[in-house]
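Chains A and B, in that order, give the protein sequences.
Using our numbering, you'd call the opening residue of the first sequence number 1 and step up by one each time.
Using our numbering, you'd call the opening residue of the second sequence number 1001 and step up by one each time.
From the three backbone atoms N, C-alpha and C, an ideal C-beta is built for every residue, glycine too.
These notes concern the structure reproduced below.
There are 2 protein chains.
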Amino acid sequence: MNTTRPGRRPRADARRNYERLLAEADSAFRENGTEASLENIARRAGVAIGTLYGHFPNRRALVGALLQDRNDVLFETGDRLLAHPSAAEALTGWVHAVVEHAAVYRGLVAMLIDGLDDDASELHESCVRMSAIGERLIANAHAAGVIRHDATGADVAALMNAAAWVREQMPEEQADRFLRFAMDGLRPAGG
Amino acid sequence: MNTTRPGRRPRADARRNYERLLAEADSAFRENGTEASLENIARRAGVAIGTLYGHFPNRRALVGALLQDRNDVLFETGDRLLAHPSAAEALTGWVHAVVEHAAVYRGLVAMLIDGLDDDASELHESCVRMSAIGERLIANAHAAGVIRHDATGADVAALMNAAAWVREQMPEEQADRFLRFAMDGLRPAGG
DNA sequence: ACCTGAACACCGTTCAAGT
DNA sequence: ACCTGAACACCGTTCAAGT
């Protein structure tokens, strides 16, 4: 639960401000998406705008800090699915988990896509890890013959991101239907 | 080619400004997406910001004016496809046409989605028309038995919008693959 | 009838000055 | 070591004043 970075003992007020900023950012991002006003977040947290930038050099850092715990959960899910006996169920489970993960904040999918390409992004490491898990699950699916042979990791990633975007834009039920149909399109030809 | 609205004879300078604003907006939207700075557009067109607002009350109106000609082409395509002998090819053709249509400006898909729900939007009419064509083509596809029976118009719309979004975010080739796979997911179970 | 640009209210981001 | 808030450079949008 201690989210403080390298320096040893943060001052009590610094820690409190950090915590408050995270809480306000979370609620602002949930309400208005990842483009929510940072000035507003600082104001609601009761600190000056400079304090926000002191703790988080940019918007990505703030989002990254908020995603920490959720990332841990996601990667545990990934490990569990990699050991799952059914490669098909594992892949489906992963896609659902990632879509759910990205659905917290409107606009997050776009940030994650950028984060994968930009190695200077605070989100880069987790994006790469997500990508790696996906690749392995797809390899397993191919080995088990439960996915059409011409589908690549990039194809599944595109599907996943698209589904997350649909989830941001439309009612959850519609997003579920989209995901189900799209996944059917990945099944082997004879399936 | 005359794009002037109800008032009879626009002043020569007004017409020229209108034309210049459209041209600059088009290039700005192509470069930076539909969120491109309006002040920049006015500046590059050589007019004051107030002149831009005089011609276009908001960003949607500007986008709508730019889409006029492209809409005509799209709807002609729609009419032609509605008369196409193969319901399957017609639907596929329509989805491709809409994705291509929305791909001009990054961010346009999101505006079109909003435009369908918001009847105060300058884009609303064309969105409704697009939607109606889609519905008819899907009805035809169902009648011909070339689409899975549980797929609705909303499902196809979601797929189309998602494909357009993928086209905005990733290389065109990736978007094509996504679209092909996703469309396969709409084929009848036994297909 | 149309154009101008100042005015207002908002941003993100930086940084000298404080404690 | 951390916080503050003014400062700068940018927005979208409106509207009184011009021609």
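- prompt: Can you tell which of V1063/B, R1020/B and V1109/B has its C-alpha closest to the C-alpha of R1043/B?
  reply: R1020/B
- request: Hey, could you find the ends of the alpha helix (DSSP H) N1032/B is sitting in?
  value: A1012 to N1032
- request: Could you tell me whether the stretch 1166–1178 of chain B touches the stretch 1115–1130 of chain B, where touching means 3 or more Cβ pairs closer than 8 Å?
  value: no
- prompt: Under a CB-based cut-off of 9 Å, is V1166/B close to chain A?
  reply: yes
- request: Report yes if the C-beta distance between A157/A and A87/A is below 9 Å; otherwise report no.
  value: no
- prompt: chain B beta carbons: is any one of them nearer than 9 Å to that of N32/A?
  reply: no
task: Anything in the stretch 1107–1134 of chain B with a Cβ closer than 7 Å to a Cβ of chain A? List those residues in chain order, please.
output: I1113
- prompt: Is D1013/B close to chain A, meaning its C-beta is less than 9 Å from at least one C-beta of that chain?
  reply: no
query: With respect to the alpha helix (DSSP H) encompassing T152/A, which residues constitute its N-terminal and C-terminal limits?
result: No alpha helix (DSSP H) holds T152/A; DSSP gives it neither H nor E.
- prompt: Just how far apart, CA to CA, sit D150/A and R180/A?
  reply: 19 Å
message: With a threshold of 9 Å between beta carbons, is G1185/B in contact with chain A?
response: yes
query: Can you list the residues of chain A that F1178/B reaches, using a CB-CB cut of under 8 Å?
result: D155, A158, L159 and A162
message: With a threshold of 9 Å between beta-carbons, can R148/A be considered close to chain B, or not?
response: yes
query: What three-state label does DSSP hand E135/A in the structure shown?
result: helix
- prompt: Would A132/A be called buried (16 or more neighbouring beta carbons within 10 Å of its own) or exposed?
  reply: exposed
message: Tell me the DSSP secondary structure of E1173/B in three-state form.
response: helix
- prompt: Hey, how far is the Cα of L67/A from the Cα of V128/A?
  reply: 15 Å
Check: G64/A C-beta below 8 Å from any heavy atom of the ligand HEM: The ligand HEM is not among the ligands present in this structure, which contains no ligands whatsoever.
message: Taking 9 Å as the threshold (beta carbon to beta carbon), is Q1174/B in contact with chain A?
response: yes
task: Please compile the residues from chain A whose C-beta is within a distance smaller than 9 Å of the C-beta of A1182/B.
output: L159, A162, F178, F181, A182 and G185
message: Once the 5 residues before and after N71/A are set aside, which same chain residues still bring their CB inside 6 Å of it?
response: S126
message: Excluding the 5 residues flanking A25/A on each side, which residues of the same chain have their C-beta closer than 7 Å to its C-beta?
response: I41, L62 and L66
query: Of the residues A1189/B, P1188/B, M1183/B and R1187/B, which one's Cα is nearest the Cα of H1096/B?
result: M1183/B
- prompt: Roughly how many whole angstroms lie between the Cα atoms of I1147/B and I113/A?
  reply: 32 Å
message: Taking the alpha helix (DSSP H) that F192/A belongs to, which residues open and close that run?
response: Residue 192/A cannot be examined here, being either before or after the span of chain A that is shown, 1 to 191.
- prompt: Which whole runs of the alpha helix (DSSP H) in the stretch 41–121 of chain A are 4 residues long or more, in chain order?
  reply: 49–55, 59–82, 87–102 and 108–117
Whether H55/A touches A14/A by CB criterion (9 Å): yes
- prompt: Taking the C-alpha atoms as reference points, what is the distance between L81/A and T152/A?
  reply: 19 Å
message: Taking the straight line between their C-alpha atoms, what separation do you get for S37/A and V109/A?
response: 18 Å
- prompt: Quick one, are the C-beta atoms of V99/A and R167/A less than 9 Å apart?
  reply: yes
- request: Just confirm the distance between the C-beta atoms of A1164/B and A1103/B, as a whole number of angstroms; I'd bet it's less than 8 Å.
  value: 6 Å
- request: Determine the chain A residues that contact Q993/B at a beta-carbon separation under 8 Å, and present them in chain order.
  value: The requested residue 993/B is not part of the displayed model; chain B covers only 1001 to 1191.
message: With a threshold of 9 Å between beta-carbons, can A1151/B be considered close to chain A, or not?
response: yes
query: Using a C-beta cutoff of 9 Å, does T4/A count as contacting chain B?
result: Any reading at T4/A needs caution, since the residue's pLDDT is 42, under 50, leaving its predicted position unreliable; the model's value is listed next. False, the Cβ-Cβ gap to chain B never drops below 9 Å.
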